[in-house]
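Colleague:
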Amino acid sequence: MQKIDTSFLTELKASGRLPSPTGVALTILELTRNPQTSTEDLAEVLKGDPALAGQVLKYANSAGMGSRTEITSLNDALVRLGMSMVRQLCLGFSVLSSARSGPCPRFDYQRYWARSLATAVSCQILSRRISSVSPDEGFTCGLLGHIGSLALASVYPDEYSRILAAWNSGDNAQLHDLEENALSINHHRVTAAIFGDWGLPDIYQQATLNQDDLAWIHAGVTDHLDQRSRKLANLLNIADIAAEICLEDGPDRHRSVLDFMNIGQQLQIPEDEWMALYDSVMEEWVRMGNVLDILTSNVPAMENLVRRARTYDKPLDDSRRSPTAESEPEATGGSPGGFGLEILLATDSLVDQRMLDKKLTGSGHHVTIAADGNKALELALTTNPQLILTDWMMPGMDGLELCRTLRQSELAGRCHILVMTSNDSQQDLEAGFEAGIDDYLVKPLNHRILAAKLRSASRVIGLQIQSEQDKKDIERHLKTTGRQKRELEKMYEQVQRLALEDQLTQLPNRRAGLARLEEVWAESSRGDKAMLVMIMDIDKFKNVNDTYGHDAGDVVLRSTAAVMRNTMREYDVVCRFGGEEFLVICPGADIEVAKSLGDRIRTAVENNHIATPAFDGNITISIGVSVRGEEHEQPQAMIKEADEALYAAKEAGRNMVCIA
Numbered sequence: 006m007q008k009i010d011t012s013f014l015t016e017l018k019a020s021g022r023l024p025s026p027t028g029v030a031l032t033i034l035e036l037t038r039n040p041q042t043s044t045e046d047l048a049e050v051l052k053g054d055p056a057l058a059g060q061v062l063k064y065a066n067s068a069g070m071g072s073r074t075e076i077t078s079l080n081d082a083l084v085r086l087g088m089s090m091v092r093q094l095c096l097g098f099s100v101l102s103s104a105r106s107g108p109c110p111r112f113d114y115q116r117y118w119a120r121s122l123a124t125a126v127s128c129q130i131l132s133r134r135i136s137s138v139s140p141d142e143g144f145t146c147g148l149l150g151h152i153g154s155l156a157l158a159s160v161y162p163d164e165y166s167r168i169l170a171a172w173n174s175g176d177n178a179q180l181h182d183l184e185e186n187a188l189s190i191n192h193h194r195v196t197a198a199i200f201g202d203w204g205l206p207d208i209y210q211q212a213t214l215n216q217d218d219l220a221w222i223h224a225g226v227t228d229h230l231d232q233r234s235r236k237l238a239n240l241l242n243i244a245d246i247a248a249e250i251c252l253e254d255g256p257d258r259h260r261s262v263l264d265f266m267n268i269g270q271q272l273q274i275p276e277d278e279w280m281a282l283y284d285s286v287m288e289e290w291v292r293m294g295n296v297l298d299i300l301t302s303n304v305p306a307m308e309n310l311v312r313r314a315r316t317y318d319k320p321l322d323d324s325r326r327s328p329t330a331e332s333e334p335e336a337t338g339g340s341p342g343g344f345g346l347e348i349l350l351a352t353d354s355l356v357d358q359r360m361l362d363k364k365l366t367g368s369g370h371h372v373t374i375a376a377d378g379n380k381a382l383e384l385a386l387t388t389n390p391q392l393i394l395t396d397w398m399m400p401g402m403d404g405l406e407l408c409r410t411l412r413q414s415e416l417a418g419r420c421h422i423l424v425m426t427s428n429d430s431q432q433d434l435e436a437g438f439e440a441g442i443d444d445y446l447v448k449p450l451n452h453r454i455l456a457a458k459l460r461s462a463s464r465v466i467g468l469q470i471q472s473e474q475d476k477k478d479i480e481r482h483l484k485t486t487g488r489q490k491r492e493l494e495k496m497y498e499q500v501q502r503l504a505l506e507d508q509l510t511q512l513p514n515r516r517a518g519l520a521r522l523e524e525v526w527a528e529s530s531r532g533d534k535a536m537l538v539m540i541m542d543i544d545k546f547k548n549v550n551d552t553y554g555h556d557a558g559d560v561v562l563r564s565t566a567a568v569m570r571n572t573m574r575e576y577d578v579v580c581r582f583g584g585e586e587f588l589v590i591c592p593g594a595d596i597e598v599a600k601s602l603g604d605r606i607r608t609a610v611e612n613n614h615i616a617t618p619a620f621d622g623n624i625t626i627s628i629g630v631s632v633r634g635e636e637h638e639q640p641q642a643m644i645k646e647a648d649e650a651l652y653a654a655k656e657a658g659r660n661m662v663c664i665a
């Protein structure tokens with residue numbers, strides 16, 4: 006039996022970012038170590054986390070448990086599962102709830118959990134036919150069997166991103182080498198150490214260290230493992246291949262299907278029985294995905310998969326794709342991890358309908374089409390799309406009116422809206438953003454730009470989904486201990502901050518800026534205090550994007566935003582207002598401040614040298630200023646006046662400050 010080195014675990018735990026169970030799960034872990042603990046004691050603790058209790062109850066009624074009668078009592082569920090299994094399930098489910106997203110850019114968290122669940126249910130169902138390991142042990146070890154990858158991505162996000170980029174979905178041995186070279190550790194060793202730290206059985210640790218070993222298929226068992234550890238390691242290996250079939254497509258899936266069928270043959274299991282087992286795995290994967298709120302996909306019956314794989318007439322690549330690494334982005338805008346968006350396409354152009362439907366569907370998105378604005382509104386309110394791609398000009402109701410109407414709806418008001426337009430004039434785009442659009446595309450469409458904006462929208466939508474989940478988790482856990490409550494409140498603040506922050510520049514976004522403007526206006530009105538607003542626009546920014554590319558444009562925006570932020574007074578607020586426009590709010594500032602501060606910002610931006618691989622130089626900005634006066638009845642009047650002053654600065658030659 007292998008001796009497991011855990012010396013590195015102290016450093017990982019000291020980071021504070023190691024995936025870990027919730028407080029309720031840790032309490033259960035401690036209670037189950039005491040032989041005097043009863044199922045009633047466990048049930049009482051579990052009631053403190055209704056979501057976790059619900060997941061345990063649903064697991065007790067799962068197909069993999071072989072339940073014949075429905076269990077409705079938590080006590081009955083604990084009796085059926087046993088204390089050991091309850092401890093393991095609570096660990097797995099609580100880690101899942103707290104680690105659905107994270108800081109590592111190239112680690113696909115959504116795909117990781119989808120694959121982990123596929124591995125878990127594969128272990129659970131296949132163990133009844135091919136292993137003496139209990140289905141419960143198989144499920145827990147399968148769900149957490151790659152938690153070392155999640156841990157390394159959480160503790161070393163930048164380093165692990167570079168590892169995944171260098172690996173580019175090669176084989177597991179290559180990934181281990183890259184991990185060892187960069188971090189002096191690999192994810193299987195981390196998994197084993199975490200299992201030991203949580204007090205899970207030793208066979209879990211031994212099995213996860215040896216789950217990539219394929220020698221048993223061909224040469225039998227002649228290694229150092231005891232029989233139970235070897236059987237669990239073998240089960241993990243088979244389940245990992247089964248999970249690949251769930252997540253992969255095309256030639257990658259064909260290879261996994263043939264590997265899976267070859268294992269059944271080696272085990273001397275009749276082919277039809279082996280295929281039926283896999284179909285049971287797929288049904289349970291989808292069912293448990295709904296239980297645990299993990300996205301799954303529909304997988305064809307194994308009989309069909311086998312037929313396709315055996316008739317595929319091209320060489321198969323022997324490398325295995327990653328459960329965690331994002332695929333390189335394609336021009337079609339396919340979403341990483343194989344999970345598409347629910348898109349409502351609104352256009353009266355039959356050509357655009359056919360072309361966009363084909364491209365979006367081919368990229369893994371689900372598309373619903375509306376031929377006019379009224380139909381689009383009806384579908385948006387009934388189908389709840391995640392993203393709406395709409396023409397500006399349409400019969401019945403144009404794209405902007407559609408957007409305004411939807412933004413007033415609680416049901417569909419938060420969906421991401423992209424507008425397609427042939428006119429990208431400043432006035433029209435301002436009207437679009439005022440109506441509530443999130444972004445725009447200039448026609449004729451550049452499909453690489455469309456793909457990039459879909460990927461960006463997908464990230465935003467993912468954050469929104471996670472934000473909603475976080476809020477639910479926070480509300481559910483606010484009854485826990487004082488320490489947990491403080492941690493949850495901090496998490497809630499982070500979620501709120503993300504909702505009010507522009508992800509590119511790290512400045513407050515338009516929504517946050519307008520909210521702050523209302524506050525400063527109210528303070529100014531109460532105390533008869535001065536205030537001013539500035540609208541700042543990067544000169545000829547469109548030329549930067551068109552000439553040097555959007556990556557260079559993003560660098561220009563980030564760098565300019567940083568200069569603006571560092572030049573402001575401590576109590577001034579600068580936010581990204583839309584595109585290359587920025588809003589500055591200055592409480593207590595009069596016309597003299599407007600002159601000095603405006604010119605100081607303009608000069609600082611002009612002197613800021615920006616160097617990118619594509620663009621190397623300086624940019625300028627134009628600034629329009631509005632100082633509050635008796636003629637201003639509301640803050641929006643100041644924004645309008647500052648915008649008019651900005652236009653005057655542009656007309657006068659740019660790179661100047663104009664005070665209304």
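Residue 6 is where the sequence shown starts when you use this note's numbering, and the numbers rise one by one after that. Ideal Cβ placement from N, Cα and C applies to all residues, glycine included.
#1: Given leucine 734, which residues of its chain have a CB within under 7 Å of its CB, disregarding the five upstream and five downstream residues?
#2: I need the straight-line Cα distance from alanine 609 to alanine 244, nearest angstrom please.
#3: Assuming histidine 259 and alanine 314 make a contact with CB atoms under 8 Å, what is their CB distance in whole Å?
#4: Is arginine 120 near glutamate 276, with beta carbons less than 9 Å apart?
#5: If you scan the region 389–474 from start to end, which runs of the alpha helix (DSSP H) of 4 or more residues do you find wholly inside it?
#6: Indicate the three-state DSSP secondary structure (helix, strand or coil) for proline 513 in the structure shown.
#7: Under a Cβ-count criterion, where at least 16 other Cβ atoms within 10 Å of its own Cβ denotes burial, should tyrosine 445 be classed as buried or exposed?
#8: Quick one: complete beta strand (DSSP E) runs, 3+ long, within the region 339–379?
#9: May I have the straight-line CA-CA distance separating histidine 223 from histidine 193, to the nearest angstrom?
#10: Can you give me the C-alpha to C-alpha distance between aspartate 429 and isoleucine 454, rounded to a whole angstrom?
#11: Say whether the region 98–109 touches the region 34–42, bearing in mind that this needs 3 or more beta-carbon pairs closer than 8 Å, one atom from each stretch.
#12: By a C-beta neighbour count over all protein chains shown, 10 Å radius and 16 as the cutoff for buried, is valine 447 buried or exposed?
#13: In this structure, does DSSP put leucine 205 in helix, strand or coil?
#14: Using the beta-carbon count (16 or more within 10 Å), is glutamine 391 buried or exposed?
#15: Please state if the CB of threonine 395 and the CB of threonine 366 are separated by a distance shorter than 9 Å.
#16: Does the pairing of the region 73–89 with the region 111–129 give three or more beta-carbon distances under 8 Å?
#17: For glutamine 730, which residues from the same chain have a beta carbon less than 7 Å from its beta carbon, with the 5 sequence-adjacent residues on both sides left out?
#18: With DSSP as the reference, label alanine 306 as helix, strand or coil.
#19: According to DSSP, which residues form a beta bridge with asparagine 623?
#20: On the criterion of 16 or more Cβ atoms from any shown chain inside 10 Å, does lysine 236 qualify as buried, or is it exposed?
#21: What is the residue span of the beta strand (DSSP E) that leucine 537 lies within?
#22: Quick one: what's got a C-beta closer than 8 Å to valine 29's C-beta in the same chain, skipping five residues either side?
#23: Looking at the strands, I want to know which residues DSSP matches up with cysteine 663.
#24: Taking only three categories from DSSP, how would you classify valine 589?
#25: Return the residue from the list Glu523, Ile190, Gly593, Asn177 that minimises the CA-CA distance to methionine 536.
#26: Enumerated in chain order, which unbroken segments of the alpha helix (DSSP H) with a length of 4 residues or greater are wholly contained in the region 109–167?
#27: First and last residue of the beta strand (DSSP E) that includes arginine 581?
#28: Quick one: Cα of aspartate 163 to Cα of alanine 123, how far?
Modeller: On the basis of the supplied data:
#1: Outside the modelled stretch of the chain, which goes from 6 to 665, sits residue 734, for which no answer is possible.
#2: 59 Å
#3: 4 Å
#4: no
#5: 404–412, 431–440
#6: strand
#7: buried
#8: 347–351, 371–375
#9: Its pLDDT being 48, under 50, histidine 223 is placed unreliably by the model, and the measurement read from it follows with that caveat. Each residue's alpha carbon lies about 23 Å from the other.
#10: 15 Å
#11: no
#12: exposed
#13: coil
#14: buried
#15: no
#16: no
#17: Any answer about residue 730 is impossible in this case: the structure gives the chain only from 6 up to 665.
#18: coil
#19: His614
#20: buried
#21: 536–543
#22: Val50, Leu51, Gly53, Asp54, Leu57, Cys95, Ser99, Thr485
#23: Gly629
#24: strand
#25: Gly593
#26: 114–135, 140–149, 152–160
#27: 578–583
#28: 27 Å
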